[in-house]
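In full-length UniProt numbering, the protein residues as written are 1 to 372.
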């Protein structure tokens, strides 16, 4: 099986050092598969990294300006210069390609398709082109995906290619099946229409194609949940250390925030002892074991409330107000609420050390009125 990564899969892990990407690469190898990344995706990722640096730099400039206005005198200048960003991007490009090689990911060069063929597809408004004409880069990546398909009359071992892409709507129907335009394209090239499947997350690929082919280490999972340790791995301390490091002083944006929108700029000021459940333990290579953990932890948040918004709230809706007059427009408040995390740990098969980790906030599907 061949697995192709799109650019949007890289955005959450620009340096390709998280547990998810390592799990994908090692697990795919363990079932005889190969992970690929188009050269175009590499170029897009480098450009996105540069944009994120520039965005971060703009936030620093704004923060310094806000600080100057607050204290009424000159403070330090922003140490991040344009030259620094250029140098950082150059260094990132080298390290990014090095990590791709280290993970054993194969690079697919730009396709050699003629411009006339792409224009013909664009004018016909066939996927992955959109009605607006957008989709040139998607079309190039689709050519990359097709180039990996092998012509074969065999119907078994389908799909041959799994394309991991969060923007699945550019390639799929509502039921996640490949768009008829792309199926037709495969058939016209002598390929089975089921040769390619698109999934939107690494986790979906792992669940659908890796887990069924790997041995689930149920006995170790049970022992970890019961004893909270296995050999040299003490889960209590390992999880607590990582949760505190991940959440302490973290400011949640609106998409992450569990609070109603009137509670602005929530940031974590204290983290209680976490509780957790080990949900999965499986071998991803000859030398590594993946542990997946659901974590619940109570966190105290500080945030700000616009004074006029606070006046419109019922008494039972108001959090603890610890400064009624933070400034002319806002009051400062705090509240302790539970936060859910998903943690992945990769350990050696002897359970002597943790080799890699990954943590993400679980975002429940909640309505505005369900927020705290």
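Glycine is no exception: its CB is placed at the ideal position from the N, C-alpha and C atoms.
Determine the burial state of residue i: buried for a count of at least 16 other Cβ atoms within 10 Å of its Cβ, exposed for fewer.
i: residue 2; result: buried
i: residue 101; result: exposed
i: residue 312; result: exposed
i: residue 352; result: exposed
i: residue 142; result: buried
i: residue 282; result: buried
i: residue 4; result: buried
i: residue 156; result: Residue placement at residue 156 is flagged as unreliable, the pLDDT there being 44, under the threshold of 50; the coordinate-derived value follows with that caveat. By the neighbour-count rule (16 or more Cβ atoms within 10 Å), residue 156 is not buried but exposed.
i: residue 49; result: buried
i: residue 288; result: buried
i: residue 83; result: exposed
i: residue 69; result: exposed
i: residue 138; result: buried
i: residue 219; result: exposed
i: residue 75; result: exposed
i: residue 55; result: exposed
i: residue 28; result: buried
Determine which residues share a DSSP beta bridge with residue i and list them.
i: residue 107; result: 37
i: residue 25; result: DSSP output for residue 25 lists no bridge partner at all.
i: residue 334; result: 302 and 320
i: residue 217; result: Per DSSP, none; premise fails for residue 217.
i: residue 197; result: 162
i: residue 263; result: 305
i: residue 230; result: 233
i: residue 240; result: Answer by DSSP bridge pairing: none, since residue 240 is not bridged.
i: residue 276; result: 295
Return the CA-CA distance between residue i and residue j, expressed in angstroms with no decimal places.
i: residue 363; j: residue 268; result: 16 Å
i: residue 47; j: residue 37; result: 16 Å
i: residue 184; j: residue 24; result: 29 Å
i: residue 115; j: residue 53; result: 33 Å
i: residue 11; j: residue 360; result: 14 Å
i: residue 150; j: residue 22; result: 26 Å
i: residue 209; j: residue 136; result: 30 Å
i: residue 322; j: residue 95; result: 46 Å
i: residue 319; j: residue 260; result: 11 Å
i: residue 176; j: residue 191; result: 20 Å
i: residue 85; j: residue 91; result: 10 Å
i: residue 356; j: residue 237; result: 16 Å
i: residue 358; j: residue 117; result: 42 Å
i: residue 279; j: residue 224; result: 10 Å
i: residue 113; j: residue 148; result: 14 Å
i: residue 232; j: residue 217; result: 17 Å
Quick one: what does DSSP say residue i is sitting in, helix, strand or coil?
i: residue 351; result: coil
i: residue 99; result: helix
i: residue 222; result: helix
i: residue 180; result: helix
i: residue 340; result: strand
i: residue 114; result: coil
i: residue 362; result: coil
i: residue 45; result: helix
i: residue 346; result: strand
i: residue 58; result: helix
i: residue 154; result: Because residue 154 sits at a pLDDT of 49, beneath the cut-off of 50, its placement in the model cannot be relied upon, and the following sentence gives the value as read from the coordinates. Residue 154: coil per DSSP, three-state reduction.
i: residue 379; result: This structure leaves residue 379 out entirely; the chain is present only between 1 and 372.
i: residue 14; result: coil
For residue i versus residue j, is the C-beta spacing smaller than 8 Å?
i: residue 298; j: residue 277; result: no
i: residue 301; j: residue 335; result: yes
i: residue 266; j: residue 303; result: yes
i: residue 19; j: residue 344; result: yes
i: residue 186; j: residue 199; result: no
i: residue 105; j: residue 35; result: yes
i: residue 258; j: residue 337; result: yes
i: residue 453; j: residue 111; result: Shown here, the chain extends from 1 to 372; a query on residue 453 therefore has no answer.
i: residue 163; j: residue 6; result: yes
i: residue 229; j: residue 235; result: yes
i: residue 189; j: residue 146; result: yes
i: residue 296; j: residue 270; result: no
i: residue 240; j: residue 292; result: no
i: residue 244; j: residue 9; result: no
i: residue 80; j: residue 64; result: no
i: residue 99; j: residue 174; result: no
i: residue 103; j: residue 40; result: no
Using a Cβ-based criterion (distance less than 7 Å to any ligand heavy atom), does residue i qualify as near the ligand ZN?
i: residue 346; result: The ligand ZN is absent from the structure shown, which contains no ligands of any kind.
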